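As they're listed, the protein sequences go chains A, B and C. FYI, the numbering for the first sequence is 1 to 389, going by this note's numbering. FYI, the numbering for the second sequence is 1001 to 1132, going by this note's numbering. FYI, the numbering for the third sequence is 2001 to 2306, going by this note's numbering. Idealized CB from N, CA, C, for every residue including glycine. Keep in mind the model is a prediction, meaning the values are calculated, not measured.
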Amino acid sequence: MTLAGRAAIAGIGATEFSKDSGRSELRLAAEAVSAALADAGLTPSDVDGLVTFTMDGNAEIAVARELGIPELTFFSRVHYGGGAAAATVQQAAMAVATGVADVVVAYRAFNERSGHRFGQVSSAAAQQVNTSGVDNGFHYPMGLATPAATVAMVAQRYLHTYGATSEDFGRVAVLDRKHAATNPRAWFHGKPITLEQHQASRWVAEPLHLLDCCQESDGGVALVITSAERARDLAQPPVVVAAAAQGSGPDQYIMTSYYRDDLAALPEMGVVARQLWRQSGLERSDVDVAVLYDHFTPYVLMQLEELGFCGRGEAKDLVASGALELDGSLPLNPHGGQLGEAYIHGMNGIAEGVRQVRGTAVNQVPGARHVLVTAGTGVPTSGLILTAA
Amino acid sequence: MTIAIGTELPELTIEATPTFVISTALATRDFQDVHHDRDAAVSRGSKDIFVNILTDTGLVQRFVTDWAGPEALVRSIRIRLGVPCYAYDVLTFTGHVTAVDGDDAEIAVTAKGSLGDHVTGTVRVTLPGAGS
Amino acid sequence: MIDVEEAARRIAAKGESRPRLARDPVNQAMVNNWVEALGDANPVYTDPEFAASSVHGGLVAPPAMAQVWSMNGLHGQRAADDPLGAMMSILDEAGYTSVVATNSEQTYHRYLRPGEHVSSSIRLEDVTGPKRTALGEGWFVTTRTTWRVGDEVVAEMVFRVLKFSPAARRETVPDAGAVLRPVISRDTEFFWEGTRKGELRIQRWGDVLRHPPGPLPPDGDLTAEPDYVVAEGTGAVYSYLVHHHPQVPGKKLPFVVALVELAEGVRVLGELVDTDPEDVHIGLPVEVTFLRVDDELTLPAWKVRA
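Shown next, in the form of structure tokens:
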């Protein structure tokens, strides 16, 4: 038995992406789920499963209550921040593949800019009374207390190991913003940046400039997952989950896996990648579009290496070569990524993957059939390969 | 009693209950609020009320004479203060003989609490008959 | 600008304060209270019969009570010519507003007996500073108290306090109250106990060092017991970052956080202090230092090795 091809994403929905939604996170979740169901041609009464992130503030039962979803036979949450994104689809796919549920909606909604800001220091994260709190005791009190800072530590080592420069990180931001500039839904629609602007932007956590860091956003995204068979009868062309995988690496921490031999790598993404190729039977050259999690630019370079699109330390050359442009061999984040569109914890990237396979994306890559989507990096993570039916 | 350099004193454990902290502070006529008023102690940056220094000297004396016996004459008590001993902590006194000269002996004392060394010190005593 | 040393010389030159008679003579009631509170069962203080047959030939007061007799009491005031009071005022004015006792050295020339009435006088012996201490910058003030019965010196005490400036302390921990405190488990408490004592402790399972520590060795042997080594505290920067934004509780922007590979082979993370961020690079030799936050928390940190 394999998960490959058993489930499909039948609907996607989202709120607008903003800096101040002006409404509750539950309202955002309900709007996103409602939009996704409408997209699929389904109603709340068709839903019997809900999946989200452990970090999400909206209980499955609260979302069900608001939308009038009468009964749930499956509800589940995935841990490790943005690393959960693709794994919510994996959870849903496993549920529909095993008959545990028929229609599962994965959702993520937050006021991450106007409410609790992830980019600030979280004393709650530092002081949670569990093993993660104990782990955090070895860096929060010392001043390593923001996501950007945790990434900067790895980025510095990466620069040192492979002779890369801040400009190599910057080229990722420039590319994302270029794509966002032509995406009307993107927060940075019409606002491309130059490499000079990237270099001139202020330091957040050296070697990371402000423009190496994704924005904080308000908004919600939802995805409807059902069996590949049922999806064929629904409103949209089905987007099949060809592979879905989670991964955690040796000596894994949340954002601070600093005690491994090689600091300049993302072995947890390697665990995901191996499964994706095996499950889908696809090869790297089959991937038409890559939607790589880009909360911070250095991890995009490191993912390209970990996923095998280039050798170690060669991602800077791959980016500089133009291969990641819309007309290149591996178009990256056509929606603008989280650096350009919005930071909805990776869920907006999955929605973009669906649009690319459907052929309805605003920056459509012609003939895209296979899209690779990854989830949060620096944490235990996940990934998907989406394909046309 | 046979003593020699290195002779270990029996351990003494003191439970620094709030009652202990307060009653010893008052018995040593130390009315500083940090030794009996928890709110005042906290507002001055301490975790709780804490044992006063006159009591430390007294406890070091007791620790040594409990072992040396009532005939021992205490000649001097020199203490250095380390971390505070807050209410609800437990102090463990340990000590050993560091010098012997006729009837006179010198004893090194340490009182350790949960935060680390609370007191380290040296006591000189005369032990009648010890030198013979 | 107050010249602390000049003030100290002036106060010391006044010599000993006038003898001040204790409120009460040495008395059995206070002795009884004292031995009861401290749990001292020595019968020479309370059992007249035993005391009579002892080396003392009668009841005596505990020598450690010497200072008790001359305490000012609940509403008492320092004597106007008390040099310790005068020196404290000078240092308060100079900004050294906090005080902590550091040493008490009492010498007992003879035991006191009930009925004897002691007087005390105090002399300023020494003022040393300013010194950088774990608590902050401060001055060590040493006084000598002499207790007499009539003209006979019966006991003496050298007493030292550190009068320090909490403002100076903020140079290392700008807002100690705001520092994010570590969650400490049974597996990690030895590490934090170590930092309080100025030791960088690394968990050891047989020959294998492990940091951050945990409840099991790398091979998962449930029967193994860990101990720790106190690291030499020297190493080299393995990676680092310069934090500019946003504000981090207890830190002054910008600051450097370094992941250091110790000589012992494990990596330990801490702030790299007293260094221009421009001068930091991977491979920079550093050594451990400790940032005291309060009695319970001391953070390991790094400074550039000279």
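Q: Kindly indicate which three-state DSSP category Arg2169 of chain C falls into: helix, strand or coil?
A: Legend: pLDDT at Arg2169 of chain C = 36, less than 50; position of this residue unreliable, no value from coordinates given.
Q) Taking the C-alpha atoms as reference points, what is the distance between Val962 of chain B and Asp1037 of chain B? A) Residue numbering for chain B in the displayed model covers 1001 to 1132; residue 962 of chain B lies beyond these limits and cannot be assessed.
Q. Measuring CA to CA, which of C:Ser2165, C:Ala2061, C:Asn2033, C:Gly2057 is closest to Tyr2045 of chain C?
A. Taking only the C-alpha atoms, the option nearest Tyr2045 of chain C is C:Ala2061.
(Q) Tell me the rounded alpha-carbon separation between Arg2169 of chain C and Gly2138 of chain C. (A) Reliability of the predicted coordinates at Arg2169 of chain C is poor, the pLDDT of 36 falling under 50, and no value is obtained from them.
(Q) I'd like to know if Thr2188 of chain C contacts chain A, where contact means its C-beta is closer than 8 Å to some C-beta of that chain. (A) Yes, Thr2188 of chain C counts as interfacial toward chain A.
Q.
Could you tell me the alpha carbon to alpha carbon distance between Thr2107 of chain C and Phe2140 of chain C, rounded to whole angstroms?
A. Distance between Thr2107 of chain C and Phe2140 of chain C, taken at the CA atoms: about 21 Å.
(Q) How far does the alpha helix (DSSP H) with Gly308 of chain A in it extend, from its first residue to its last? (A) Boundaries for Gly308 of chain A: no alpha helix (DSSP H) harbours it, and the DSSP string shows neither H nor E there.
Q: Name, please, each residue of chain E whose Cβ falls closer than 7 Å to the Cβ of Val2068 of chain C.
A: The structure shown contains no chain E; its protein chains are A, B and C.
Q. Residue range of the alpha helix (DSSP H) that Pro2218 of chain C falls in?
A. It is not in any alpha helix (DSSP H) - Pro2218 of chain C carries neither H nor E in the DSSP assignment.
(Q) Between Leu339 of chain A and chain C, is the shortest Cβ-Cβ distance under 8 Å, so that the two count as touching? (A) For Leu339 of chain A, no CB of chain C lies under 8 Å from its own CB, so it is not counted at the interface with that chain.
Q. Along chain C, in chain order, which residues have C-beta atoms closer than 8 Å to that of Gly1058 of chain B?
A. Against chain C, a Cβ distance below 8 Å from Gly1058 of chain B picks out Trp2034, Leu2038, Asp2040, Pro2062, Ala2064, Met2065.
**Q.** Run of the alpha helix (DSSP H) containing Lys316 of chain A, from where it starts to where it stops
**A.** Element bounds for Lys316 of chain A: 315-320.
Q: Closer than 7 Å by beta-carbon distance: list the chain B residues that pair up with Asp2295 of chain C, in chain order.
A: Residues of chain B with a Cβ closer than 7 Å to the Cβ of Asp2295 of chain C are, in chain order, Lys1047, Val1083, Pro1084, Leu1115.
**Q.** Per-residue DSSP class, three states only, for Glu2296 of chain C
**A.** Assigned with DSSP and collapsed to three states, Glu2296 of chain C falls in coil, not helix or strand.
Q) Of the choices C:Phe2050, C:Pro2114, C:Thr2143, C:Ser2053, whose alpha-carbon is the least far from that of Asp2024 of chain C? A) The option with the nearest alpha carbon to Asp2024 of chain C is C:Pro2114.
**Q.** Spatial distance of His2245 of chain C from Leu208 of chain A (CA atoms)
**A.** The straight-line gap from Cα to Cα measures roughly 11 Å.
Q.
So, with DSSP's three-state summary, where would you put Glu31 of chain A?
A. Glu31 of chain A falls in the helix class under three-state DSSP.
Q. Can you give the beta carbon distance from Leu3 of chain A to Val103 of chain A, rounded, assuming they're within the 8 Å contact cut?
A. Wrong, their Cβ atoms sit about 17 Å apart, outside the cutoff.
Q: Take His2211 of chain C as the anchor and find which of C:Lys2197, C:Val2230, C:Thr2223, C:Leu2222 has the nearest alpha-carbon.
A: Taking only the C-alpha atoms, the option nearest His2211 of chain C is C:Val2230.
**Q.** Within chain C, partners of Ala173 of chain A - CB distance below 7 Å
**A.** Listed by position along chain C, the residues whose Cβ is nearer than 7 Å to that of Ala173 of chain A form an empty set, because the closest Cβ is around 17 Å away.
Q. Skipping 5 residues on each side, what residues in its chain have a beta carbon closer than 6 Å to that of Thr256 of chain A?
A. If we look at Thr256 of chain A and ignore the five residues flanking it on each side, its Cβ neighbours are His139, Thr150.
Q. Is Ala389 of chain A closer than 8 Å to Pro267 of chain A when the C-beta atoms are compared?
A. Contact flag unset, no.
Q. Ends of the beta strand (DSSP E) at Asn1052 of chain B?
A. Run containing Asn1052 of chain B: none; DSSP gives neither H nor E here.
Q) Do the CB positions of Glu1969 of chain C and Arg2305 of chain C come within less than 8 Å of each other? A) Only positions 2001 to 2306 of chain C appear in this structure, which leaves residue 1969 of chain C out of reach.
**Q.** As assigned by DSSP and simplified to three states, the class of Ala186 of chain A
**A.** Three-state DSSP puts Ala186 of chain A in coil, outside helix and strand.
**Q.** Assigned secondary structure, Asn2103 of chain C (DSSP; H/G/I helix, E/B strand, else coil)
**A.** Look at Asn2103 of chain C here: in three-state DSSP terms it is strand.
Q: Classify Ile1965 of chain C as helix, strand or coil using the three-state DSSP reduction.
A: Given that chain C is displayed from residue 2001 to residue 2306, the structure contains no residue 1965 of chain C and the question cannot be resolved.
**Q.** Under 7 Å by beta carbon: chain C residues contacting Thr1024 of chain B
**A.** Neighbours of Thr1024 of chain B on chain C, chain order: Ala2037, Leu2038.
Q. Could you give the distance in angstroms between the alpha-carbon of Ala124 of chain A and the alpha-carbon of Gly2076 of chain C?
A. Each residue's Cα considered, the two are about 48 Å apart.
Q. How would you call Leu2032 of chain C, buried or exposed, if buried means at least 16 neighbouring beta carbons within 10 angstroms?
A. Before going on, a small fix: residue 2032 of chain C reads as Asn here, not Leu. It is exposed - the Cβ of Asn2032 of chain C has fewer than 16 other Cβ atoms within 10 Å.
Q.
Please list the terminal residues of the continuous alpha helix (DSSP H) segment that includes Met2087 of chain C.
A. Boundaries of the alpha helix (DSSP H) around Met2087 of chain C: 2083-2093.
Q. At a Cβ threshold of 8 Å, is Glu2006 of chain C touching chain B?
A. Using a CB distance cut-off of 8 Å, Glu2006 of chain C does not count as an interface residue toward chain B.
Q.
Counting beta carbon pairs with one atom in the segment 1026-1037 of chain B and one in the segment 2064-2080 of chain C, are three or more of them shorter than 8 Å?
A. They touch, by the three-pair rule.
Q) Would the beta-carbon of Asn183 of chain A fall within 8 Å of that of Gly22 of chain A? A) Cβ atoms of Asn183 of chain A and Gly22 of chain A: not closer than 8 Å.
(Q) Taking the straight line between their C-alpha atoms, what separation do you get for Ser2121 of chain C and Ile1079 of chain B? (A) Roughly 21 Å between the two C-alpha positions.
Q. Per DSSP, what kind of secondary structure is Leu372 of chain A in: helix, strand or coil?
A. If DSSP states are grouped into helix, strand and coil, Leu372 of chain A belongs with the strands.
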